[in-house]
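Q: Before I ask anything, let me first share the structure, which is written out below as C-alpha cells.
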Amino acid sequence: MDSKIALITGGSRGIGRDAAIRLAQKGNNIILTYHSKATEATAVVAEIEALGQNAVAMQLDVADIKSLPIFIEKIANVLHEKWHRSKFDFLINNAGTGATIPFTQATEDDFDRLLNVHFKGVYFLTQKALPLMNDQGSIINVSSGTTRFCNPGYSIYASMKGAMETLTKYLAKELGTRGINVNIVAPGPIETDFNNAFIRSNPEIKNRLASFTALGRVGEANDIGGIIAFLCSTDAKWINAQRIEASGGVNI
Numbered sequence: 018m019d020s021k022i023a024l025i026t027g028g029s030r031g032i033g034r035d036a037a038i039r040l041a042q043k044g045n046n047i048i049l050t051y052h053s054k055a056t057e058a059t060a061v062v063a064e065i066e067a068l069g070q071n072a073v074a075m076q077l078d079v080a081d082i083k084s085l086p087i088f089i090e091k092i093a094n095v096l097h098e099k100w101h102r103s104k105f106d107f108l109i110n111n112a113g114t115g116a117t118i119p120f121t122q123a124t125e126d127d128f129d130r131l132l133n134v135h136f137k138g139v140y141f142l143t144q145k146a147l148p149l150m151n152d153q154g155s156i157i158n159v160s161s162g163t164t165r166f167c168n169p170g171y172s173i174y175a176s177m178k179g180a181m182e183t184l185t186k187y188l189a190k191e192l193g194t195r196g197i198n199v200n201i202v203a204p205g206p207i208e209t210d211f212n213n214a215f216i217r218s219n220p221e222i223k224n225r226l227a228s229f230t231a232l233g234r235v236g237e238a239n240d241i242g243g244i245i246a247f248l249c250s251t252d253a254k255w256i257n258a259q260r261i262e263a264s265g266g267v268n269i
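Residues in the sequence shown are numbered from 18 upward in steps of one, following our numbering.
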C-alpha cells in the first residue's frame, strides 16, 4: 500500500516537528515547512528518512498571503518530482508565533501580524491547497487552551484561535462531500520554543502553570504530536468538526 503524504506547516521544531515524526512512524511521507529555521528543518527531514520515509522541507511565511500561490505551485512540483503524484492527503496547519501583549498596549500592527499568521494565512493556504488534496483526507488545525480560559496578554492570539475553531466547523461542513474530516487540537501550556520559549525560560511561571493542571505538569511537544497523527488515521475518521483540548486537565 502506498504511503500517504502530509503537509505540515511549522514542522521544524516543537509540536510541528513531533507531529512530523509521529506521522512518519506511522508510515506517512512528509512535506514540512519552516519560516527561518532551515538547519532545524533539514535535521527533521534526516530523522524522517532514518525511519524509512521520505520528506522534504520547504520555506514558507504563512503570513505572506501573496506568496501562497507560488508556494502551492512548488508543492505541486515536489509531489510530481519526488513521489510522482499530483495530490497529498493530510494538511496540518501548525505554524504560529506567540506574543504576550496586554490589551491596553496592543497596536494595529500587532493585531495584523497575529491575524495574518494564525487566521488569514491559514484560511487562504487551506483554500489554495484544497485542489492538491485527495478526497478522504484530513485537515488538522491548531488552537489553544486560551480560547476556553483567559491568560492576560493573549487577547489577540486567543481571538485568532477562536476564529480558527469556528472556521474548523465550517470547513468540516463544506468539505464533507469530499470525505475530508476537519478537526482542531487545542494544547494547554506547552514547554517549547513558542513565544521565545516563554515557559521554559521562566521556571516560576512554569511551576505555576503546572499547578493548574490535574496531571501536575506543563505539556511537551510529544504530548501533542501523537494526537495529530491519530487524527490523520483511519481510526479517527468518524471524528469531525471537533475541538480537542490536550492540556493535561488545566483549569478544570
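We put the beta carbon where it would ideally sit given N, CA and C, even for glycine.
Values in this document were obtained by computation on a predicted structure and should not be read as measured data.
#1: Hey, how far is the Cα of Lys190 from the Cα of Glu221?
#2: Does chain D have any CB closer than 8 Å to the CB of Gln42?
#3: Whole angstroms are fine: how far does the CA of Thr121 sit from the CA of Asp127?
#4: Which residue or residues does DSSP assign as beta-bridge partners of Ile22?
#5: Which whole-angstrom value describes the C-beta separation of Asp152 and Gly193, a residue pair presumed to lie in contact below a C-beta threshold of 8 Å?
#6: Output the boundary residues of the alpha helix (DSSP H) element that contains Gly69.
#7: Could you tell me which residues DSSP pairs with Glu262 in its beta bridges?
#8: Helix, strand or coil: how does DSSP classify Gly154 here?
#9: Using alpha carbons as the reference points, say which of Ala253, Ile82 and Ser103 lies closest to Arg130.
#10: Would you call the region 60-73 and the region 31-50 in contact, with 3 or more CB pairs under 8 Å?
#11: Do the region 19-27 and the region 104-111 meet, that is, are 3 or more Cβ pairs less than 8 Å apart?
#12: Is the region 238-247 in contact with the region 255-267, if contact means three or more CB pairs nearer than 8 Å?
#13: Is DSSP giving Ile256 helix, strand or coil here?
#14: With Asp106 as the anchor, note down where its beta strand (DSSP E) starts and where it stops.
#15: Would the beta-carbon of Gly31 fall within 8 Å of that of Tyr51?
#16: Going by DSSP, name the residue or residues bridged to Gly51.
#17: Suppose you measure from the CA of Thr143 to the CA of Val267; what does that come to, to the nearest Å?
#18: Would you tell me roughly how many angstroms separate the C-alpha atoms of Pro204 and Ala180, rounded to the nearest one?
#19: What would DSSP say about Gly33, mapped onto helix, strand or coil?
#20: Does Thr183 pass the burial test, meaning 16 or more other C-beta atoms within 10 Å, or should it be called exposed?
#21: Kindly give me the distance between the Cβ atoms of Leu226 and Lys145, rounded to whole angstroms, as I take these residues to be in contact under 8 Å.
#22: When you compare each of Ser160, Ala37 and Ser250 to Asn198 by their alpha carbons, which one comes out closest?
#23: Kindly indicate the opening and closing residues of the alpha helix (DSSP H) around Pro86.
#24: Would you grab the beta carbon distance between Asp35 and Ala175 for me? Rounded to a whole angstrom, and I think it's under 8 Å.
#25: Can you check which of these residues, Asp78, Val73 and Ala60, is closest to Ala93 by C-alpha distance?
#26: With 16 other CB atoms within 10 Å as the buried threshold, where does His101 fall?
#27: Among the residues of its own chain, which have a CB less than 7 Å from the CB of Gly275, if the five just before and after it don't count?
A: Well, looking at it:
#1: Approximately 43 Å between the Cα atoms of the pair.
#2: The structure shown contains no chain D; it is built from a single protein chain.
#3: Going by the C-alpha atoms only, they are around 12 Å apart.
#4: Note: Ile22 sits in a beta bridge opposite Asn46.
#5: Incorrect: roughly 11 Å between the Cβ atoms, too far for contact.
#6: Run containing Gly69: none; DSSP gives neither H nor E here.
#7: Looking at the DSSP assignment, Glu262 forms a beta bridge with Ala203.
#8: Correct three-state label for Gly154: strand.
#9: Among Ala253, Ile82 and Ser103, the Cα nearest to that of Arg130 is on Ile82.
#10: The region 60-73 and the region 31-50 touch, with no fewer than 3 CB-CB distances between them shorter than 8 Å.
#11: With the rule of 3 Cβ pairs closer than 8 Å, the region 19-27 counts as touching the region 104-111.
#12: Flag = yes, the region 238-247 and the region 255-267 touch.
#13: The three-state secondary structure of Ile256, taken from DSSP, is coil.
#14: Taken as a continuous stretch (DSSP letters only), the beta strand (DSSP E) holding Asp106 covers Phe105 to Asn110.
#15: No, Cβ-Cβ distance for Gly31 and Tyr51 is not below 8 Å.
#16: The sequence shown places Tyr at residue 51, not Gly. For Tyr51, DSSP records a beta bridge to Gln76.
#17: Taking the straight line from one Cα to the other gives about 30 Å.
#18: Distance between the alpha carbons of Pro204 and Ala180 is about 16 Å.
#19: Assignment of Gly33 by DSSP, reduced to helix, strand and coil, places it in the helix class.
#20: Exposed: under 16 other Cβ atoms inside 10 Å.
#21: Wrong, their Cβ atoms sit about 37 Å apart, outside the cutoff.
#22: Of the candidates Ser160, Ala37 and Ser250, the residue whose Cα lies closest to the Cα of Asn198 is Ser250.
#23: That run of the alpha helix (DSSP H) goes Leu85 to Trp100.
#24: With a contact defined as Cβ atoms closer than 8 Å, Asp35 and Ala175 miss out at about 23 Å.
#25: Of the listed residues, the one whose Cα sits closest to Ala93 is Val73.
#26: So His101 ends up on the exposed side.
#27: Look at the range of the chain in this structure, 18 to 269, and you will see that residue 275 is not part of it.
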